[in-house]
Amino acid sequence: MKPPPFDYHAPRSVAEALDVLAAEGERAKVLAGGQSLIPLLNMRLAAPGHLVDINRLTELAGVEAEPDGVRIGALARHAEVERSEPAAAAQPLLRQALRLVAHPVVRNRGTVVGSLVHADPAAELPAVLTLLGGSVRLARRGGPGTPAAGVSVSPEVPAGGSLTVRDVPAGDFFTGPLESAAGPGELAVSAFFPALPPRSGTAFREVARRHGDYALAGVAALVVLDDDLRITSAAVACVSAGPVPLLVEVTGECGHRPPASAGWAGAARAVQDRAEPEDDIHATAGYRRHLVGVLAERALRDAAREALNG
Amino acid sequence: MAERTHDITLVVNGTVRRAAVPGRRLLSDCLRHDLGLTGTHVGCEHGVCGCCTVLLDGEPVRSCLTFAVTVDGHEITTVEGLADGERMSPVQRAFAECHGLQCGFCTPGFLCTVTAMLRDNPVPTEEEVLEGISGNLCRCTGYQNIVKAVHRAAEIMAEES
């Protein structure tokens with residue numbers, strides 16, 4: 001239960017971190033909050049040759065709420081984002097989901113971007129990013145996308161040497177269980193969660209054996225109404241329902257109707273049909289499929305209520 | 001080949017402490033082995049049991065999920081630092097009074113977690129207490145007396161403030 005040896009790097013700037021990641025490639029792993037990585041190291045399920053600790057890169061600690069969404073830096077802890085009133089005002093689903101992420105003590109250390117890069121299909125934040133259509137910003141040294149010398153390409157990454165920055169949409173970012181599009185040499189510098197549109201609401205519902213445990217199943221929902229308060233868009237993203245967060249568009253099933261007469265049950269069945277849960281020691285696949293349907297209906301109803309009240 | 005070490009400085013319970021640690025030294029092991037502070041207990045070593053919880057710059061964290069070298073230059077409070085000299089802290093006294101411990105293995109983690117919880121929320125509801133201690137496991141007490149102790153600690157702190 002002790003981590004295997006590794007070469008430890010403590011870069012003082014993003015540029016220095018990118019240099020180390022470029023030099024070590026696949027042998028290097030980024031350490032942010034460590035609340036997922038260090039258990040893997042302690043259990044010796046991972047043994048990277050080099051660890052690049054970004055905890056000194058305070059320039060990546062920002063949480064910036066803008067009218068179009070919330071940009072969260074790679075060093076922003078779950079607890080900081082959860083407490084941020086501007087972030088909650090711009091996109092309430094962030095706080096709704098973060099309250100369900102592990103325990104408060106773990107949230108003091110774990111980071112939002114780290115959860116995304118860890119890409120656990122049982123985690124809440126990948127589902128949130130998927131449902132909202134957010135993105136992850138990846139930076140690396142070299143490459144064809146080099147900006148003009150001296151031009152800062154983003155608030156987080158000062159130019160200086162050649163640099164490539166790309167924003168990967170959530171739909172392309174999660175590629176498998178614990179697998180993301182972040183490649184060797186790349187550093188996830190921030191993530192962007194789009195703001196809540198007008199006349200819309202969100203909710204997150206999950207079932208876990210104990211508060212803070214991994215959810216047996218969970219569902220995030222987003223419902224958008226029109227000026228007549230009829231549903232124009234409804235979608236859910238499911239946790240523990242497949243190898244990556246499962247996005248299910250259920251606008252058709254809900255119907256262009258007021259929430260009071262929407263087809264919630266049909267939407268729940270559609271979600272169940274799409275889910276691909278697995279058996280494990282905690283629950284059968286059949287039970288998880290049942291939960292996904294029940295939670296989808298509850299989350300959609302909650303989201304619709306938020307939309308009406310908002 | 002000897003593993004490379006890093007010189008770090010921590011302020012532990014108000015005292016400046018120095019150690020030379022390999023990159024992989026967990027903060028829990030640094031406190032116990034390098035600094036001799038064995039009050040911090042190590043249970044599961046993968047972030048589930050909460051026994052190793054300490055305060056990092058005042059905030060409770062899992063010391064088994066933190067590398068010592070990462071927190072170089074920061075302030076740590078362990079269970080040894082909660083008392084005011086010989087006088088136990090309100091949280092410690094409440095745990096003793098309410099019988100909030102039996103074997104005591106989980107207790108240092110509970111004390112650190114609850115100390116921070118009551119600082120941020122001096123009058124927690126029952127639900128807030130349950131969520132606040134949800135990350136700390138106790139195999140003896142059945143939690144009822146721990147929950148009572150948290151409420152009692154809040155009372156003591158209110159009386160003494």
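Protein sequence lines correspond, in order, to chains R and G. At position 100 of the first sequence the residue is numbered 100 (UniProt numbering), and the sequence of numbers has no breaks. At position 35 of the second sequence the residue is numbered 35 (UniProt numbering), and the sequence of numbers has no breaks. Just so you know, even glycine gets a beta-carbon here, dropped at the ideal spot from N, CA and C. These figures come from a predicted structure and were not determined experimentally.
Next item on the list: Please name the residue or residues paired with G:I76 in a DSSP beta bridge.
Entry: G:V12, G:L56
Margin query: Check for me: the beta strand (DSSP E) holding R:Y8 runs from which residue to which?
Written below: 7-9
Note to self: Can you give me the C-alpha to C-alpha distance between R:A79 and R:T284, rounded to a whole angstrom?
What the structure shows: 32 Å
Item checked: Residues of its chain near G:G39, where Cβ-Cβ distance is below 7 Å and the 5 sequence neighbours each way are ignored -> T78, V79, E80, P108
Next item on the list: Would you mind reading off the limits of the beta strand (DSSP E) that contains R:L216?
Entry: 215-225
Check: Would R:V52 pass as a contact of R:L31 if the rule is Cβ separation under 8 Å?
Finding: yes
Note to self: Since R:A139 and R:V165 should fall inside the 8 Å C-beta cutoff, what is the C-beta to C-beta distance between them, to a whole number of angstroms?
What the structure shows: 5 Å
Item checked: Length of the line joining the Cα atoms of R:L21 and R:E186 -> 7 Å
Next item on the list: Identify the contact partners of R:I38 in chain G, using a Cβ-Cβ distance below 7 Å as the criterion.
Entry: L65
Item checked: For G:E59, the nearest candidate out of G:Q102, G:L111, G:M88 (CA to CA) -> G:L111
Check: Taking Cβ positions only, does G:I76 come closer than 8 Å to chain R?
Finding: no
Check: Do the region 207-222 of chain R and the region 92-105 of chain R make contact, defined as three or more Cβ pairs closer than 8 Å?
Finding: yes
Checklist line | Rounded distance between the beta-carbons of G:T66 and R:G34, thought under 8 Å | finding: 7 Å
Margin query: Determine, for R:P104, whether the minimum Cβ-Cβ distance to residues of chain G falls below 8 Å.
Written below: yes
Margin query: Cβ closer than 9 Å: which chain G residues qualify as neighbours of R:Q272?
Written below: By Cβ distance, chain G contributes nothing, its closest Cβ being about 29 Å from R:Q272, past 9 Å.
Notebook entry, point to check: Rounded to a whole number of angstroms, what is the C-alpha to C-alpha distance between R:V153 and G:E3?
Noted result: Here the model assigns R:V153 a pLDDT of 46, short of 50, so the residue's position is not dependable, and the following value carries that caveat. R:V153 and G:E3: Cα-Cα distance of roughly 39 Å.
Item checked: Cβ shell of R:T146 (< 7 Å), same chain only, five flanking positions each side left out -> Model confidence at R:T146 stands at a pLDDT of 49, short of 50, so the residue's coordinates are unreliable and nothing is read from them.
Next item on the list: Compile a chain-ordered list of the residues in the region 164-178 of chain R whose CB is closer than 9 Å to at least one CB of chain G.
Entry: none
Checklist line | Whole-Å CB distance - R:S190 paired with R:I72, under 8 Å assumed | finding: 6 Å
Next item on the list: Using a Cβ cut-off of 8 Å, pull out every chain R residue sitting near G:T113, in sequence order please.
Entry: V105
Next item on the list: Along the alpha helix (DSSP H) that carries R:V236, what are the first and last residues, could you check?
Entry: Premise fails: R:V236 lies in the beta strand (DSSP E), 231-239, not in any alpha helix (DSSP H).
Notebook entry, point to check: Under the DSSP definition of a beta bridge, which residues are partnered with R:G69?
Noted result: R:E66, R:P194
Margin query: Here's a check: name, in chain order, each residue in its chain whose Cβ is nearer than 7 Å to the Cβ of R:R210, leaving out the five neighbours to either side.
Written below: none
Item checked: Supposed contact pair G:I146 and G:D72 - C-beta distance, whole angstroms, cut 8 Å -> 34 Å between Cβ atoms; not a contact.
Notebook entry, point to check: Since R:V248 contacts R:A217 with CB under 8 Å, what's their CB separation in whole angstroms?
Noted result: No, R:V248 and R:A217 are not in contact; Cβ-Cβ is about 13 Å, not under 8 Å.
Note to self: On the criterion of 16 or more Cβ atoms from any shown chain inside 10 Å, does R:P245 qualify as buried, or is it exposed?
What the structure shows: buried
Item checked: R:A307 to R:V207 span [Cα, whole Å] -> 23 Å
Next item on the list: Take G:C51 and list the residues in its own chain whose beta-carbon comes closer than 6 Å to its own, dropping the five residues that flank it on each side.
Entry: H41, G43, C106, G109
Item checked: With 16 other Cβ atoms within 10 Å as the buried cut-off, status of G:G135 -> buried
Margin query: Please tell me whether R:L51 has its Cβ less than 8 Å away from any Cβ of chain G.
Written below: yes
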